[in-house]
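J.: Numbering (this note's numbering), first residue to last: 309 to 856.
Idealized CB from N, CA, C, for every residue including glycine.
A quick note: this is a predicted structure, and the numbers were derived from the prediction, not measured.
Just dropping this structure here.
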Amino acid sequence: MNKTYYAFVILSFVILLPSQSLSRSKSITICGTVACYQKDDPTDRPAECIVVVFKDRLESSYITRSTGYFEITLPYNDIIDKHLMMYFCDYNGFICWWVEYIDGAKVEYLGKRRYTYRIGRLQIGRACELFEEDQCISAVEYLQKLLKSRSRKHLFRSKYPQRLLAIKDPNGGMGPVEDWEPERRVTHVVQSGEGPFSFLGWDWATAAWGTGIGFGVAGVGGAWDDTDDKVRQQPPQVIEILDIESVSPKTNIDGRFLSLALDGMTRNVGFQFSPTRNMADSVFFNSSAISFSRYGQYNFHSDWQRYYQVSGCLPSEDGFGLGAGLLFLGQKETRTAVTESNENASRSFETDELGMFISASKRLRDDLSLGLTAKYISQKVQSPSAIRKVTTDHGGGNIEIHRDIVRSEDKEEYADFDLSATYRINPQYQLGFSFMNIAGTKLLTGDNEREEIRSFGTGLSYKNKRIHLGGDIILNHDGTADYSVGMNVVPFSNVEVNLGYGSAFDSFVVGAKYRVRKWKGIYIAPTYSFFRNNAFGEYHLIGLSANF
309 MNKTYYAFVI LSFVILLPSQ SLSRSKSITI CGTVACYQKD DPTDRPAECI VVVFKDRLES
369 SYITRSTGYF EITLPYNDII DKHLMMYFCD YNGFICWWVE YIDGAKVEYL GKRRYTYRIG
429 RLQIGRACEL FEEDQCISAV EYLQKLLKSR SRKHLFRSKY PQRLLAIKDP NGGMGPVEDW
489 EPERRVTHVV QSGEGPFSFL GWDWATAAWG TGIGFGVAGV GGAWDDTDDK VRQQPPQVIE
549 ILDIESVSPK TNIDGRFLSL ALDGMTRNVG FQFSPTRNMA DSVFFNSSAI SFSRYGQYNF
609 HSDWQRYYQV SGCLPSEDGF GLGAGLLFLG QKETRTAVTE SNENASRSFE TDELGMFISA
669 SKRLRDDLSL GLTAKYISQK VQSPSAIRKV TTDHGGGNIE IHRDIVRSED KEEYADFDLS
729 ATYRINPQYQ LGFSFMNIAG TKLLTGDNER EEIRSFGTGL SYKNKRIHLG GDIILNHDGT
789 ADYSVGMNVV PFSNVEVNLG YGSAFDSFVV GAKYRVRKWK GIYIAPTYSF FRNNAFGEYH
849 LIGLSANF
């Protein structure tokens, strides 16, 4: 039987962890080719023995060989829809740099959660150096040793008098940089003082060329691919990064997923701080109650769109209790940003919040128990940072303008803990207390805003055979207070009905649980709840409960 107990607790974590791990396991390979020009010849050829590396990622690099090809595989969420800055170096030092916007709309899906972003050919604006095979091998070995050593910053001390920007000419005919006409050259414009265009304390020109590329890790592979011909045929573009003057309000409720679990999306409304049934959910707000449970329990419920809640507890005869739980809330919204010149764009933004809880409790005597909960909280909040305007000249007066919002993404992780106590006044009345988030965690609640979530909760419950009544009060850090009330009724031996109201989100809930069968000593019951609140309107939660 003990193996069954532990299996249910482990399952509490396993059910939802894939929703996080899968998003993190996605990978994207950025690839392209590097070209150099040949003196007295309008054509170019692959550039070999060139180090390709991103800013702030010197440990990840790629050294081109005779094909000029480079590639690297990175976590998808770390670079998608972001600007990346890349440097080109050889054993003499820094050559040039490039900024590329990794547009999620332009990636290709390869299968098995793998993506690719193809750059095409990039001309680094310097004459080709001819290497014999043994010379290139020696240069590669030298560069690899240099990249692994503490002196790798030597690569960024250039012998060249000019720090040139990398160039990609959509019309073909690559040649020496100084021979290019300005109207052919400038196809990428950024605003002055933009962060990615600062290198080693130097402020460079505000014009870059082309649509950019990515970078790679040290290695050899690929070939001079047919993407080059496609790049030559692309019409010239002007890319501008515009400041945002105003943005539409948020509809995502950032930083409130713990409050939603308290009274906005729970079957335990009114019983969070003095639980009498659904004891597994007490791991979230009053773990001390686990010691008073007569059996182990597993609870899971979700709206199968944005909210998932799973919990499990295991009491013991000697007064100890263990519990674990997981909360996940994912939200999406569409926001519109406007520039000072009244140009606007819209885009979707996501907020993902995860909480993992581990609880322990001890019954000190027949009427008193204490509990401790350690929790891990993570947030991923997207917000608008600028508007990207792309103007494409197709010729013949055919000008195409496309605007989208550049998203910034904040990822935060926190650790905190709760202390709780449960006191049984008599067989009918029970009182609970909980000091929550004692470490003073401040969650992201909006665009560059944070809110402290330290709070104190107390609850009182009344039990009279088949009817349980409960009420909770929570005192927030800002001096405000929220309350909730609830009722659990067991009209028949296999049926439980719950009603509740919470003031934090003006929430109303009605639900039921039906015990369908007993299997190997485990009582299994599907659950259903209907909710209405001012956070998400009307929605339904479906789940499963088990007692063992």
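Should E379 be labelled buried (16 or more other beta-carbon atoms within 10 Å of its own) or exposed?
T.: Counting Cβ neighbours within 10 Å, E379 comes out buried, since at least 16 surround it.
J.: Note down the Cα distance separating S691 from F657, rounded to an integer number of angstroms.
T.: Between S691 and F657, the C-alpha separation is close to 7 Å.
J.: What's the gap between the Cα of N586 and the Cα of L852?
T.: For N586 and L852, the distance between alpha carbons rounds to 11 Å.
J.: Give the single residue among N796, K683 and V798 whose Cα lies nearest to the Cα of A747.
T.: The shortest C-alpha separation from A747 is found at K683.
J.: With distances taken Cα to Cα, identify the nearest neighbour of D626 among Y603, F844 and G340.
T.: Closest by alpha carbon: Y603.
J.: So what's G524 in DSSP terms, helix, strand or just coil?
T.: Its pLDDT being 28, under 50, G524 is placed unreliably in this model, and the coordinates cannot settle the point.
J.: By a C-beta neighbour count over all protein chains shown, 10 Å radius and 16 as the cutoff for buried, is W827 buried or exposed?
T.: Result: exposed.
J.: Spatial neighbours of V803 within its chain, please: CB distance less than 6 Å, with the 5 preceding and 5 following residues excluded, ordered by chain position.
T.: So the list reads Y822, once near-sequence residues are dropped.
J.: In three-state terms, what does DSSP make of E449?
T.: E449: helix per DSSP, three-state reduction.
J.: Quick check on L849: does DSSP put it in helix, strand or coil?
T.: The answer is strand: DSSP assigns L849 an E or B state.
J.: Report the rounded CA-to-CA distance for E553 versus E641, giving the unit in angstroms.
T.: In a straight line, the C-alpha of E553 is about 20 Å away from that of E641.
J.: G620 and A645 look like a contact to me (Cβ under 8 Å); what is the Cβ gap, rounded to whole Å?
T.: Actually they are not in contact, since the Cβ atoms of G620 and A645 sit about 44 Å apart, beyond 8 Å.
J.: Name the DSSP bridge partner or partners of Q687?
T.: Its beta-bridge partners are E661 and E720.
J.: Looking at the structure shown, is D790 part of a helix, part of a strand, or coil, going by DSSP?
T.: Correct three-state label for D790: strand.
J.: Return the chain-ordered list of same chain residues with a C-beta closer than 6 Å to the C-beta of S649, the five sequence neighbours on each side being excluded.
T.: Counting only Cβ-Cβ distances below 6 Å, and skipping sequence neighbours, we find nothing.
J.: Can you tell which of S446, C436 and Q605 has the C-alpha that lies nearest to the C-alpha of G829?
T.: Comparing Cα-Cα distances from G829 to each of S446, C436 and Q605, the minimum goes to Q605.
J.: What do you reckon, are the CB atoms on E759 and G572 nearer than 7 Å?
T.: No, they are not a contact pair.
J.: Helix, strand or coil for G829, going by three-state DSSP, please let me know.
T.: Residue state, collapsed to three classes: coil.
J.: Determine the burial state of R825: buried for a count of at least 16 other Cβ atoms within 10 Å of its Cβ, exposed for fewer.
T.: Flag for R825 reads exposed.
J.: Locate the beta strand (DSSP E) running through Y737, then write down its first and last residues.
T.: Note, Y737: beta strand (DSSP E), Y737 to M744.
J.: In the DSSP assignment, what are the bridge partners of C357?
T.: For C357, which the question treats as bridged, DSSP gives no partner whatsoever.
J.: Of all the options V555, E708, G401 and T584, which has the alpha carbon lying nearest to the alpha carbon of T647?
T.: Selected option, being the one with the closest Cα: V555.
J.: Quick one: what's got a C-beta closer than 6 Å to L777's C-beta in the same chain, skipping five residues either side?
T.: Only Y770 and M795 meet the Cβ criterion.
J.: Kindly indicate which three-state DSSP category E489 falls into: helix, strand or coil?
T.: Residue placement at E489 is poorly supported in this model, since its pLDDT is 32, which falls under 50; the coordinates still yield a value, given next. DSSP places E489 in coil when its eight states are reduced to three.
J.: So which of R614, N576 and P583 has the shortest CA-CA distance to S271?
T.: This structure cannot settle anything about residue 271, because the visible part of the chain is limited to 309 through 856.
J.: If you drop the 5 nearest sequence neighbours on each side, which residues of the same chain put their C-beta closer than 8 Å to that of P735?
T.: These residues qualify, in order along the chain: K771.
J.: The beta strand (DSSP E) with D398 in it runs from where to where?
T.: Per DSSP, D398 belongs to the beta strand (DSSP E) from H391 to D398.
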